[in-house]
Amino acid sequence: MGCYRTSLLLLRARISVSKNVTAFLKDNILYKLTIVNKVMMDYRDQNLVAFILVFITVLTLGTSLHHHETISMHYGPLALIFDPLIALTSFAIGVLVSLLFQVGISIVQFDRVSNLLPPKEKAVIELLFNRKSMSQADLTAESGLSRSMVSRILSKFEERGLIVKTSYDNTNLVESKLYRQHHSAQLVTKLPGISEKRLFLAISILFIFGLSFSVLNSYHILYLDHPLRPAMYLLAIEFLALGGLSSLLFRERISDTQFKRVLLMLPVDERSVMKTLHKRKKVTQKELVERTGIYKMKVSRILRKFQQRGLVDLRPYGYTNLVISKI
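Each residue of the sequence shown is one higher than the one before, starting from 679 at the first, in the numbering used here.
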């Protein structure tokens, strides 16, 4: 009877161990397949963008040769100066204008990260985000908080490099490094916005570029008795578009830079965890502890907080958790 019980216990133990090992291997394999798939998708997206840019570049260069032949028929050797000058200028303007529209704080990212702050800190940062700069006295009045509380919050933000304070009459002028962008460029809230200065700069550049062609066309009509050849307009438009599309290569780097600025709102430990999650997208909780250098219990508390705010998903993964970022 004793041998039978012992055998039964051993059998149950083996079954339990077998189930745990099977579950661990299954989760491990699924996790690795998920990571490999994510890497392949990123790689595929990058290749697709690169392929499209190469295709458009080849197409643009091919059509520019045709435009050059047309222009050479009317300008002779001068076409060797006009064509490269127009092409390079148009390309540079396309890149510059496109980058101006890409640089800006994402409203969605700001809202999600600001939800991690205590209510009083969130109230202050939202006022600064919407107004960009305001006096400390106005900030106290509009937030409904006490002067000492606002002062402590601003000191904390200043230590994180989130604001700049300068003396202003009998108070301080508080300027935020995170601020809401111009609404005219935020028709879709998920897209980064553009400040009024950058919007004005982009419009001014395009206006001057168009005006220069108008002046050149007027010169041709008055002194050469014919308007500017359509081939020159087509050449400029094609390289302008090519320059704008080429800036897509900088999109990921710009997005990372913007997100690092948003993370200034968080304490150092939460910032470190969020930065790792934003970079890796999916990582085990054990690996997160190793990468951030924060002890296990604190990482666990931070992740629970992130999960409650809907920023991450936690899924069982063997003896730890798989952390999936939603940002």
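Even glycine gets a Cβ: it sits at the ideal position worked out from N, Cα and C.
(request) Identify which residue in Arg958, Lys960, Ser854 and Gly839 has its Cα closest to the Cα of Met812. (result) Ser854
(message) For Lys974, report the span of its alpha helix (DSSP H) as first-last.
(response) Lys974 to Gln986
(request) Note down the Cα distance separating Thr935 from Leu1000, rounded to an integer number of angstroms. (result) 26 Å
(request) Evaluate Leu739 with the Cβ neighbour count: other Cβ atoms within 10 Å of its Cβ, from every protein chain shown; 16 or more gives buried, anything less gives exposed. (result) exposed
(message) Runs of 3 residues minimum, wholly inside the segment 792-829: which ones carry the beta strand (DSSP E) assignment?
(response) 811-813
(request) Would you grab the beta carbon distance between Val940 and Gln787 for me? Rounded to a whole angstrom, and I think it's under 8 Å. (result) 5 Å
(request) Tell me whether the beta-carbon of Ser742 lies closer than 8 Å to the beta-carbon of Leu918. (result) no
(request) Taking Asp991 as part of the beta strand (DSSP E), name the residues at either end of that continuous run. (result) Val990 to Tyr995
(request) With a 10 Å radius around its C-beta and 16 neighbouring C-beta atoms as the bar for buried, classify Ala691 as buried or exposed. (result) Residue placement at Ala691 cannot be trusted, given a pLDDT of 49 that sits under 50; what the coordinates show is reported in the next sentence. By the 10 Å Cβ count, Ala691 comes out exposed.
(message) According to DSSP, Leu1000 sits in a beta bridge with which residue or residues?
(response) Thr962 and Arg993
(request) May I have the straight-line CA-CA distance separating Gln985 from Tyr846, to the nearest angstrom? (result) 41 Å
(message) Using the three-state DSSP reduction, which class does Ile841 fall into: helix, strand or coil?
(response) strand
(request) Quickly, what does DSSP pair Asn850 with across the bridge? List them, please. (result) Ser845
(message) Phe928 and His956 - do their beta-carbons sit closer together than 8 Å?
(response) no
(request) Could you round the C-beta distance between Leu806 and Val852 to whole angstroms and report it? I think they count as a contact, below 8 Å. (result) 7 Å
(request) Compare the beta carbon distance of Ile771 and Phe887 with 8 Å and say whether it is the shorter of the two. (result) yes
(request) Look up Asp789 in the DSSP assignment and say whether it is helix, strand or coil. (result) helix
(request) Express the C-alpha separation of Tyr857 and Arg809 in angstroms, rounding to a whole number. (result) 7 Å
(request) Please report how far the alpha carbon of Glu837 lies from the alpha carbon of Phe729, in whole angstroms. (result) 45 Å
(message) Given this structure, state the Cα-to-Cα distance separating Glu965 from Lys959, to the nearest angstrom.
(response) 13 Å
(request) Have a look at Asn793, Ser925 and Leu832 and flag the residue whose alpha-carbon is nearest the alpha-carbon of Asn850. (result) Leu832
(request) Label Ala819 either buried or exposed according to how many other C-beta atoms from any shown protein chain fall within 10 Å of its C-beta, with 16 as the threshold for buried. (result) exposed
(request) State the DSSP-derived secondary structure class of Ser1005, mapped to helix, strand or coil. (result) Note that residue 1005 is Ile in the sequence shown, not Ser. The answer is coil: DSSP assigns Ile1005 none of H, G, I, E or B.
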